[in-house]
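Participant: Each protein sequence line maps, in turn, to chains A and B. The numbering of the first sequence is the working numbering, which starts it at 1058 and goes up by one. The numbering of the second sequence is the working numbering, which starts it at 19 and goes up by one. Built from N, CA and C at the ideal position, the CB exists for glycine as well. For reference, the structure I am asking about is given below.
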Amino acid sequence: MDSRLQVVCFGLLLASFVAHADIQLDAQQAYPIVFADNLSEDDYLGELPKVLTVSRLSQSIADSPSAVTVIDRATIRASGAVDIPELFRLVPGMYVGANAGYVYNTNYAVSYHGMNTAYPGNMQVLINGRSVYTPLFGGVKWSELPIALMDIERIEVTRGPNAASYGANAFAATVNILTSTPSETPANTVLATHGNGRNEAFYRHAGKTGDLAYRVTTGYRQDDGLDDRNDFKRTRFANAQADYQLNLNNYLEFEFGLTEGARGEGNAQEDNIVFLPRTKQMNNYYGLARWKHQLSETSDFQLQAYHSYDRSDDETTSVNLRPLIALISPILAASLVSDSIYINNEVITERTDIEAQHIFGLGATIRAVWGASVRQDTTYAPHYLGNKKTDKFNLQRLFGHVEWRPHAMWTLNTGAMLEHNDFTGTDISPRASLNFKPHPNHALRLGISSALRTPNYVEEKFNQKYAIATTLVVPRLVLQQVLANKGNVNPEQIISRDLGYVGKLGGVQLDARIFSDEITEVIRLDERTDFTVPADVLLVNPTNVDTGLNSGSAKVEGFELQTNWKIGTRTNLLLNHSHMRIRETQNGLSRNFTKSMPVNTLSAMLTHDFKNGWDASLAYYQSSETTQLGDGDPVGLTRRCDVRVARKFNTSRWNGEVSAVVENLFNTHYEEFADYNTLNRRARVNLRLDF
Amino acid sequence: MLKHQKKWVANLLASFTLALVLFVPYFAQAYTGITIVMSAPTDSNLEFVEAFKLELMNARSTNLRVKVIDLSEVEKLVVAENSELVIALGVRALEASSKLKLTTPVLGVFTPLPTFNSLLVNSKRMLGNFSAIVLDQPYSRRFSLIKTVLPEAKNLGVLLGPDSSSDMDDIREVGESAQFNILQESIQLQTDLIPHLTTLLGVSDALMAVPDSLVYTRETVQPILLTSYRHQKPVFGFSQSYVRAGALAAVYSSSKQLAKQAAEISIKSQQLSSILPPPQAPKYFSVALNYQVARSLNIQIADENVINKKMLALEGQP
């Protein structure tokens, strides 16, 4: 029996005696027992804000229309990664290559199921529902994101087209990065990392005043990039998030972030004429507001608006061009009005997006979401677009998705997105899947999903050239035209079919699928045959002017396996494998298209929690040979092993952790994406304090 | 907390009987009417009053009159102290009623057990004329709900705070006899909430919430439910509101059910020279389930009625 109650009973008896004898004795004084008298009926009966609203509840993976990989906090921590894209090595079917090529260095070339370039644009990437790919090339400048890895709660990767939910660009896969809410964050956190080529420090503060919970993170990152490349980055950033519970049914969320810093650009081995090694400045910011309104127990409305701005201030002056032109004609060389050309490669992109969605349940069997959004992207890129105008790209969307569960064993998902944009007009991307769950631990999925990829500015609107005037009448201008887009490129189309299994066998969680992706109207950059210049302009590359166009079709077929094995309570093994082949089904693909995804990729991560606060993880990544597109080179089989050891400690004031990470433990020489991207063994130590 | 119910009740009964034998003359103050004192006219209180009156009417065996006082509308609580049984709805009402003449029997409803204990001592009242139907469901009942809803759950996480930490032994004892492995973390500061919760979720199959004014509040409901959801671990709440907010399931007693029990006590105690039974757990209960959460966590659960029936069968109730 509870000692408290024993004392109460004894006290009562004694008090009864005393009371009977008409002598007052303060029981509390006589028995100084502290009781919890701060609990009231309100703690049991009081209304609580609805936390897991229909919009917050995601579909169970067993009911999902697509294959999903979840990278949670524990996995992020165990991986020892300091850059977000490194985590995608744990996603079966994904290729990750750190690349320091021409511009935006080092950026990661990340793509799913091939078709990867230095500027890949076939994935939708969202941070808390905000689309972060750049309108310029449709990909993500990963290091420019105002986000700290420590604020990320989980990353959900939908493998396969997901346009019905996320629109065009959710072509090959969708990456949804979710940060932790301020209310889940410790009051103060300091994180510092020191290691080969990398130093960074972050400070985060979280608090709550009344119904407002907030979090502010600031940080400085010094990244020396890859070995022997001019790709250093010095980045300062700040990010803030605030949640305001207006009342039981209304919730407001705000986000704000900014980044700025210097970047090393240009590598003489790749370009020793125009874009020479130099330092550029970048800065960006974004603001987001979201209103969540609970209409009923089973119905939520959400309105979200955000604006983002990104600027890259890049100027360059070429080498003396006279000796080069002299190879064509010494007279022409002598007639140039200047020795070199100056290029203003400033790029400013902005995005404004407003989206409304309504999620609701109909009875016990139907869950549906529908909504609409409008977006405007603007791009100012005088060098790339060939003019000083700010180009506008408008996008309107209407989407709907229904999950119907007629029986506990069956789930039918259907959905579609109707889109209209300035480049390709109106299109629709439907999707359907049928999930069969004969047992709560075993589910089979048969799915078909289509998506479109809208051509990006590189493919649709680039007019990139180098021009230098002469003192002559003819030619008055010497021109090298790099890209001269004809425009009117159709969207690239994918229809993906898959048969998947999601289940649990003892301690092993298994996700396996076989898939077949049919890609038509493939967009590529190819020689433009009809490019003409005025008679008084000398085009130095008449057979080498590119344009974006649709050409060829392909099929990607293979299987993927994802396992999570809980070996006892302290040990865990993640094991992922993909095997696929790309076939050309209609002529016209670029030369290395079918080699743009390694046939086999393997990733494994073993984590073990030792006693006394020690834990360790060992990761292994392997991918077979590949030749990536757009700036990529043939690279051979790569093998890499990373190790992380950590020690947690707790004092009454601090919770903390010290960890050490070694990447490429065996110092295996390997190249990623292109032959110039090498990374030798690197080590880092990391200290984290929560207080 | 109504903890380890059997032992608790046995001990309490022993003390009660002893007190009764020794001091019967002190208690005797037969009541002919009932005054219901409400802390405030909340929905649950009003529903209680209505259901209580109906129960008395249906009982026929009694002619107890019912008066209702809304504490938020009177300056001073005035009750016909020598002829009334006072049923206090809510902590504030119970506190005010505890200051009435010591001979006036007071039955608290909508009161947490720790608060009742505290009032009992502070008011210098005695069991026998001061009792309650507490809000806390017995742990045995809470464990049978978890067993019924999630039969495969073995490791249960329990996060305790200053109010609830003394319950640990009872939770462990009852939990282990129900074949659960109880994993526990205790916190003294709200800043420790998430780290300890995260540790707990890493090793538990589900989390069982225990009322505590530091751990389970209106402010912490979001981080607790979100963090648990992210770990894909269900939470078993202790109230209907917790289930609405996002817990998977809870046992609770509705105002009607509490009114039924209170009516039974009122009638029986009148016949027993107005001596109230010891504080007791809710006898009648319902089960609240959150099907949307279940669906999202890929947990297949039976219909509420089926689970209710199973639970009743487990307790030997019809």
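Give the interface partners of A:Gln-1116 over in chain B, defined as CB-CB distance under 9 Å, in chain order.
Facilitator: For the purposes of this step, residue 1116 of chain A is taken as the residue at position 59 of the first sequence. By Cβ distance, chain B contributes Arg-313, Ser-314.
Participant: Out of curiosity, what's the CA-to-CA distance linking B:Asn-326 and B:Pro-300?
Facilitator: As a first step, residue 326 of chain B must be located in the second sequence, where it is residue number 308. As a first step, residue 300 of chain B must be located in the second sequence, where it is residue number 282. The C-alpha of B:Asn-326 lies about 15 Å from the C-alpha of B:Pro-300.
Participant: Name the DSSP bridge partner or partners of A:Tyr-1523?
Facilitator: In the first sequence, counting from the first residue as 1, residue 1523 of chain A sits at position 466. According to the DSSP secondary-structure assignment, A:Tyr-1523 is paired through a beta bridge with A:Gln-1537.
Participant: Comparing alpha-carbon positions, which option in B:Glu-203, B:Val-192, B:Ser-90, B:Glu-102 lies nearest B:Leu-118?
Facilitator: Position 100 of the second sequence, counted from the first residue, corresponds to residue 118 of chain B. The shortest Cα separation from B:Leu-118 among B:Glu-203, B:Val-192, B:Ser-90, B:Glu-102 belongs to B:Glu-102.
Participant: For chain A, find out if any of its Cβ atoms is closer than 8 Å to the Cβ of B:Val-109; answer yes or no.
Facilitator: For this step, residue 109 of chain B is matched to residue 91 along the second sequence. It does; some Cβ of chain A falls within 8 Å.
Participant: Going by the CB atoms, is the gap between A:Thr-1528 and A:Val-1394 shorter than 8 Å?
Facilitator: The sequence position of residue 1394 of chain A within the first sequence is 337, counting from 1. The sequence position of residue 1528 of chain A within the first sequence is 471, counting from 1. Against a cut-off of 8 Å, the Cβ pair of A:Thr-1528 and A:Val-1394 comes out as a contact.
Participant: Alpha carbons only, please: which of A:Gln-1298, A:Gln-1302, A:Arg-1278, A:Tyr-1277 is nearest the one belonging to A:Asp-1268?
Facilitator: The residue labelled residue 1268 of chain A in the question sits at position 211 within the first sequence. Ranking the options by Cα distance to A:Asp-1268, first place goes to A:Gln-1302.
Participant: Looking at C-alpha atoms only, which residue of A:His-1364, A:Tyr-1363, A:Trp-1348 is the closest neighbour of A:Asp-1357?
Facilitator: Within the first sequence, residue 1357 of chain A is the residue found at index 300, counting from 1. Checked all of A:His-1364, A:Tyr-1363, A:Trp-1348; the closest Cα to A:Asp-1357 is A:Trp-1348.
Participant: Please list, in chain order, the chain B residues whose beta carbon lies closer than 8 Å to that of A:Lys-1107.
Facilitator: As a first step, residue 1107 of chain A is located in the first sequence; it is residue number 50 there, counting from the start. Within chain B, the residues near A:Lys-1107 are Arg-262, Ala-263, Gly-264.
Participant: Is it true that the segment 1501 to 1519 of chain A meets the segment 1599 to 1611 of chain A, where meeting means three or more beta-carbon pairs spaced less than 8 Å apart?
Facilitator: yes
Participant: Taking only beta-carbon positions, decide if B:Thr-245 is within less than 8 Å of chain A.
Facilitator: Within the second sequence, numbered from 1, the residue matching residue 245 of chain B stands at position 227. Answer yes: the Cβ-Cβ gap between B:Thr-245 and chain A drops below 8 Å somewhere.
Participant: Helix, strand or coil for B:Gln-342, going by three-state DSSP, please let me know.
Facilitator: No statement about residue 342 of chain B is possible, as the shown extent of chain B runs from 19 to 336 and does not include it.
Participant: Tell me, please, which residues DSSP counts as bridged to A:Gly-1615.
Facilitator: By 1-based counting over the first sequence, the position of residue 1615 of chain A is 558. Answer is A:Phe-1572, A:Met-1637, bridged to A:Gly-1615.
Participant: Report the residues of the segment 1282 to 1313 of chain A with a CB closer than 9 Å to any CB of chain B, ordered along the chain.
Facilitator: Asp-1300, Gln-1302
Participant: With distance defined between alpha-carbon atoms, name the residue in B:Leu-74, B:Leu-72, B:Ala-77, B:Leu-64 nearest to B:Leu-89.
Facilitator: Residue mapping note: residue 89 of chain B aligns to position 71 of the second sequence, counting from 1. With distances taken between CA atoms, B:Leu-89 lies nearest to B:Leu-64 out of B:Leu-74, B:Leu-72, B:Ala-77, B:Leu-64.
Participant: Could you tell me how far apart the beta carbons of A:Gly-1005 and A:Ala-1221 are, in whole angstroms, since I believe they sit closer than 8 Å?
Facilitator: Because chain A here runs from 1058 to 1748, residue 1005 of chain A falls outside it and cannot be looked at.
Participant: Please look up how many angstroms separate the CB atoms of A:Asn-1401 and A:Glu-1372, rounded, as I've assumed it's under 8 Å.
Facilitator: Start at 1 with the first residue of the first sequence, and residue 1401 of chain A comes out as number 344. Start at 1 with the first residue of the first sequence, and residue 1372 of chain A comes out as number 315. A:Asn-1401 to A:Glu-1372, Cβ: 6 Å. Contact.
Participant: Is A:Gly-1217 near A:Ser-1123, with beta carbons less than 8 Å apart?
Facilitator: Residue 1217 of chain A sits at position 160 when you count from the first residue of the first sequence. Residue 1123 of chain A sits at position 66 when you count from the first residue of the first sequence. Yes, the Cβ-Cβ distance between A:Gly-1217 and A:Ser-1123 is below 8 Å.
Participant: Under 8 Å, Cβ to Cβ, is there at least one residue of chain B near A:Pro-1122?
Facilitator: Reading the first sequence from its first residue, position 65 is the one you call residue 1122 of chain A. False, the Cβ-Cβ gap to chain B never drops below 8 Å.
Participant: Between which two residues does the beta strand (DSSP E) harbouring A:His-1464 extend?
Facilitator: As a first step, residue 1464 of chain A is located in the first sequence; it is residue number 407 there, counting from the start. Element bounds for A:His-1464: 1447 to 1464.
Participant: Indicate whether at least one CB of chain A lies closer than 8 Å to the CB of B:Lys-24.
Facilitator: By one-based count along the second sequence, residue 24 of chain B stands at place 6. Residue placement at B:Lys-24 is flagged as unreliable, the pLDDT there being 44, under the threshold of 50; the coordinate-derived value follows with that caveat. B:Lys-24 does not count as touching chain A.
Participant: Rounded to the nearest angstrom, what separates A:Arg-1454 and B:Val-67 at their Cα positions?
Facilitator: Counted from its first residue, the first sequence places residue 1454 of chain A at position 397. Counted from its first residue, the second sequence places residue 67 of chain B at position 49. Roughly 53 Å between the two C-alpha positions.
Participant: Where DSSP assigns a beta bridge to A:Arg-1146, which residues make up the other side?
Facilitator: Against the first sequence, residue 1146 of chain A aligns to sequence position 89. BP columns for A:Arg-1146 are empty, so no partner.
Participant: Between the Cα of B:Val-261 and the Cα atoms of A:Leu-1582, A:Lys-1107, A:Gly-1196, A:Glu-1549, which residue gives the shortest distance?
Facilitator: Start at 1 with the first residue of the second sequence, and residue 261 of chain B comes out as number 243. Nearest option by C-alpha distance: A:Lys-1107.
Participant: Output the residue ranges of the beta strand (DSSP E) runs that lie fully inside the segment 1675 to 1746 of chain A and measure 3 residues or longer, sorted by chain position.
Facilitator: 1695 to 1707, 1712 to 1720
Participant: Among the candidates B:Gln-202, B:Ser-158, B:Gln-206, whose CA atom is the shortest distance from the CA of B:Ser-195?
Facilitator: Looking up residue 195 of chain B in the second sequence gives position 177. Here the closest residue by C-alpha is B:Ser-158.
Participant: Taking the straight line between their C-alpha atoms, what separation do you get for B:Leu-145 and B:Ile-285?
Facilitator: Residue mapping note: residue 145 of chain B aligns to position 127 of the second sequence, counting from 1. Residue mapping note: residue 285 of chain B aligns to position 267 of the second sequence, counting from 1. In a straight line, the C-alpha of B:Leu-145 is about 18 Å away from that of B:Ile-285.
Participant: How would you call A:Leu-1517, buried or exposed, if buried means at least 16 neighbouring beta carbons within 10 angstroms?
Facilitator: The count along the first sequence starts at 1 and reaches residue 1517 of chain A at position 460. In the sequence as displayed, the identity of residue 1517 of chain A is Glu instead of Leu. A:Glu-1517 should be labelled buried.
Participant: Put B:Gln-310 into one of helix, strand or coil per three-state DSSP.
Facilitator: The residue you call residue 310 of chain B lines up with position 292 of the second sequence. Correct three-state label for B:Gln-310: helix.
Participant: Just checking: is the beta-carbon of B:Ser-204 within a distance shorter than 8 Å of some beta-carbon in chain A?
Facilitator: In the second sequence, counting from the first residue as 1, residue 204 of chain B sits at position 186. Not an interface residue.
Participant: Just the chain A side, please: which residues come within less than 8 Å of B:Leu-153 by C-beta, in chain order?
Facilitator: Residue 153 of chain B sits at position 135 when you count from the first residue of the second sequence. Within 8 Å Cβ-Cβ: Glu-1098, Tyr-1101, Leu-1102.
Participant: How far does the beta strand (DSSP E) with A:Glu-1310 in it reach, from first residue to last?
Facilitator: As a first step, residue 1310 of chain A must be located in the first sequence, where it is residue number 253. Run containing A:Glu-1310: 1307 to 1322, per the beta strand (DSSP E) assignment.
Participant: Buried or exposed, going by whether 16 or more other CB atoms sit within 10 Å of the CB of A:Arg-1701?
Facilitator: Your numbering for residue 1701 of chain A matches position 644 in the first sequence. Result: buried.
Participant: I'd like the span of the beta strand (DSSP E) that includes A:Gln-1550, first residue to last.
Facilitator: Taking the first residue of the first sequence as position 1, residue 1550 of chain A is located at position 493. Element bounds for A:Gln-1550: 1549 to 1562.
Participant: Using a Cβ-Cβ distance under 8 Å, would A:Arg-1738 count as near chain B?
Facilitator: Counting from one through the first sequence, the residue named residue 1738 of chain A turns up at place 681. Closer than 8 Å: no.
Participant: May I have the straight-line CA-CA distance separating A:Glu-1143 from A:Gly-1137, to the nearest angstrom?
Facilitator: On the first sequence, position 86 is the one that residue 1143 of chain A refers to. On the first sequence, position 80 is the one that residue 1137 of chain A refers to. Near 9 Å, if we compare the C-alpha coordinates of A:Gly-1137 and A:Glu-1143.
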